[in-house]
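As given, the protein sequences belong to chains A and B, one line each in that order. In the working numbering, each residue carries its 1-based index in the first sequence increased by 1190. In the working numbering, each residue carries its 1-based index in the second sequence increased by 1190.
2 protein chains.
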Amino acid sequence: VDPSDGKILPLILCGGSGERLWPLSRDDRPKQFLQLTGERTMLKLALERVSDRTQFAPPMIIANGKHQSELEAQLKEAGADAAGLILEPAVRNTAPAIALAALAVRAETTLLVMPSDHVIEDPDAFLAAVDAALPALKDNYLVTFGISPNAPETGYGYIKCGAALSEGVFRVERFVEKPNLETAAGYLTEGSYVWNAGIFLFRAGDFMAALAEHAPEVAAASRDSLVNATRDGSVIRPDAEAFARSPSVSVDYAVMEKHAKVAVVPMDVGWSDIGSWDALYDHVTPGPDRNVCAGDGIQIDTKGCLIRSEGPLIATIGVTDLIILATKDSVLIAQRGSSQRVKEVVAALKKRAE
Amino acid sequence: VDPSDGKILPLILCGGSGERLWPLSRDDRPKQFLQLTGERTMLKLALERVSDRTQFAPPMIIANGKHQSELEAQLKEAGADAAGLILEPAVRNTAPAIALAALAVRAETTLLVMPSDHVIEDPDAFLAAVDAALPALKDNYLVTFGISPNAPETGYGYIKCGAALSEGVFRVERFVEKPNLETAAGYLTEGSYVWNAGIFLFRAGDFMAALAEHAPEVAAASRDSLVNATRDGSVIRPDAEAFARSPSVSVDYAVMEKHAKVAVVPMDVGWSDIGSWDALYDHVTPGPDRNVCAGDGIQIDTKGCLIRSEGPLIATIGVTDLIILATKDSVLIAQRGSSQRVKEVVAALKKRAE
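Set out below in structure tokens:
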């Protein structure tokens, strides 16, 4: 089967379990299903980004089986057509997930691999970057998109751009792990480093060839799993036993960092992975008194706060630079700048539940 | 009827509507019904203070009719016997309320009038102060109890102690309104000023005589209201129409500040009216990291906070000196020192509801 009809086939990775936005994100409703930056959920924003059917085929979506109903509900709400829905039988990181999709289409299909839980404020600039990347595919390159950094972030991996291959496309000189602040500041000054955003463009066959070369166990397990998949209309349930044999490994580690023909297209598109409540505050434009508010609230002498309720009224008096989230069963209050430590709360809750 | 049997008859004022401890205190469950300082509610602590039946008769309680069921439930839980329950048909401040009780007993009955929503950490010292006050009643004095100040509080009225009448009992030189900080600091240094805590001891007849002299409309309205009351066992429902004719006025303003024979007994008894969340924090002994916590919570790098939940989990990260309260429907986050402004939240909510 190849639903691409010669167009670019978007592959939306929807399997994240995101705990960093607790208490809003939960196991049963991770970040991609949340409405964080405006009226639409992160998933709906991703679908909309590739909704021009003259350029893109209906997307394939790969997700965790337990999110099927939420996913289908959001697709319906968005009025989105999907070419296929692959429900992963286990969590095995991005390399096996992408392999399942790459194997489900013809080798010459062009796949645009995108996380479902990032925001891109300038979709036109993103589409221009995709256009710029296309020529490199003729030379069998695997292309990654890099975000032009605007701050010395220590939470992302970086990619050093090498020699130019074509207008806006560079050979990847090297991938670098999350740097410390000093190193990150150096990258920012140096100018040829971009953030690794986990967005890729390649032909399915080129990807599978690279995977077979650099991570043959992943390729084999994914192939076996897909061959023995159960299909129900456009829903594909890969074989669990075979899939479980795959190493759990990221596409960066399995393929991109090792392959000879990897290119990068730097782009400045208003990207954020909204990886924490601090990141959300920094990404959106605050209102009066630098507050970012959603839900029922009363603010008295309140400044620089992110306040968001999914139910209870939140009243604040005389507070500054706080992150405040409330759901029906939980409340988070964190000083701005400390929201990375939400994972400690989630860990404590898991320990409790044991 | 006189249920006092020659003993002191406690009169517990339970009509407060306390909004200053929102979101825990509400119209239907004001401060006196809340468990703020330990395992017992403020009302139960007040009942316990006068539970020695060799000295005190079973108390009379005066409350707002809408709190009858909550009140009766707490009396039952406390295993407390009450001589009578007067349900006010309207809110008319303390002078008419006390008059209803004073008229319901014999003129020679000694009444100990106490708010139901204060805490007294040293009940023995309080009982000693009551003992000290008794001789003044023989000379028909109305006695008020004054709290020895430990800080230049601007939220209380003060009483200046005059000449000694007997051991520990002084003639009241004057009542003074809530002072500014400078004046309050002067009072503290001067040493003869005490806080007006709204606790009184007098014979019912002496009080009614003073009321008739200084506030005859209050005395008349209360008398008419009680004469036409409906009685159901020990529950007295004064006539609403007559009671409504009474001016709404405090016992201080109506009687104490005007009467010639008013005495004061200073006492150092660990008193607090818990008039705000800040006052509660200041009154209790904090735990590790100066936090005062109750209910479900996870604290990470959290210092000097009052955190209390009636349901939701409250997780805090990297915050200092906050007051955090959560109920099923509301969350309050206030910087410590700003909790007096809770009334602005309550006012905003009332405006909304209009």
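Just so you know, even glycine gets a beta-carbon here, dropped at the ideal spot from N, CA and C.
Taking CB atoms only, Q1525 of chain B has a neighbour in chain A less than 7 Å away. If you draw a straight line from the Cα of Q1222 of chain B to the Cα of N1283 of chain B, it comes to about 16 Å. Restricted to the stretch 1242–1271 of chain A, the alpha helix (DSSP H) segments that are unbroken, complete and at least 4 residues in length are 1258–1267, listed in chain order.
Inter-segment contact for the stretch 1322–1340 of chain B and the stretch 1422–1440 of chain B is absent: fewer than three beta-carbon pairs are separated by less than 8 Å. DSSP, reduced to helix, strand and coil, places A1405 of chain B outside both helices and strands of the structure shown, so it counts as coil. Not flagged as an interface residue toward chain B: G1460 of chain A, since no C-beta distance is shorter than 7 Å.
Buried is the label assigned to V1408 of chain B, since at least 16 other Cβ atoms lie within 10 Å of its Cβ. At least one CB of chain A lies nearer than 7 Å to the CB of T1506 of chain B.
With 16 or more other CB atoms across the displayed protein chains lying within 10 angstroms of its CB, D1468 of chain B is buried. The alpha carbon of I1276 of chain B has as its nearest neighbour, out of B:E1267, B:A1287, B:A1270, the alpha carbon of B:A1287.
Contact between I1464 of chain B and V1303 of chain B is absent: CB atoms are separated by about 19 Å, not below the 8 Å threshold. Residues of chain A with a Cβ closer than 9 Å to the Cβ of I1514 of chain B are, in chain order, V1521, I1523. The stretch 1297–1375 of chain B is shown to contain whole beta strand (DSSP E) runs of 3 or more residues at 1300–1305, 1332–1337, 1348–1356, 1359–1366, in chain order.
As DSSP reads the structure, I1507 of chain B sits in a beta bridge with A:A1524, B:I1490. Closest in C-alpha terms to L1470 of chain B, from the list B:L1391, B:F1433, B:L1211, comes B:L1211.
Counted as a single uninterrupted DSSP element, the stretch harbouring T1420 of chain A is not any alpha helix (DSSP H) but the beta strand (DSSP E) occupying residues 1420–1422. For S1499 of chain B, the beta-bridge partners assigned by DSSP are B:A1516. At a beta-carbon threshold of 9 Å, none of the residues of chain A lie near V1240 of chain B; the nearest stands roughly 37 Å away. Out of B:D1396, B:A1323, B:T1344, B:E1209, the CA that lies nearest to the CA of R1361 of chain B is found in B:A1323.
Less than 7 Å separates the beta-carbon of N1254 of chain A from that of E1278 of chain A. Taken through DSSP and simplified to helix, strand or coil, I1464 of chain B comes out as coil. Non-local beta-carbon contacts of V1439 of chain A in its own chain, meaning distances under 6 Å to residues more than five positions away in sequence, involve N1283, A1285 in chain order. Annotated as distal: M1446 of chain B and V1454 of chain B, with beta-carbon spacing of 7 Å or more. At least one beta carbon of chain A lies nearer than 7 Å to the beta carbon of A1538 of chain B. At a cut-off of 7 Å between C-beta atoms, L1470 of chain B does not count as an interface residue with respect to chain A. With contacts defined as CB atoms closer than 7 Å, A1292 of chain A and F1433 of chain A fail to qualify as a contacting pair. In the three-state reduction of the DSSP assignment, P1478 of chain B falls in the helix class. Annotation: F1433 of chain B is outside any beta strand (DSSP E); the continuous alpha helix (DSSP H) that includes it extends over 1430–1434. Residues of chain B with a Cβ closer than 9 Å to the Cβ of S1528 of chain A are, in chain order, I1490, D1491, I1507, G1508, V1509. A contact is defined here as three or more CB-CB pairs under 8 Å, and the stretch 1224–1242 of chain B fails this definition with respect to the stretch 1506–1522 of chain B. Boundaries of the alpha helix (DSSP H) harbouring A1538 of chain A: 1532–1543, taken from the DSSP string. Taking 7 Å as the cut-off, the beta carbon of P1213 of chain A is found no closer than this to the beta carbon of L1503 of chain A.
Annotation for L1265 of chain B: A1272 place their beta carbon closer than 7 Å to its own, counting only its chain and skipping 5 residues before and after. Between S1382 of chain B and S1412 of chain B the beta-carbon gap is near 34 Å, outside 8 Å, which marks them as no contact. Taking a Cβ-Cβ threshold of 8 Å, the residues of chain A close to E1534 of chain B are I1490, I1507, in chain order. Beta-carbon to beta-carbon, S1529 of chain A and S1466 of chain A are separated by about 4 Å, close enough to satisfy the 8 Å threshold.
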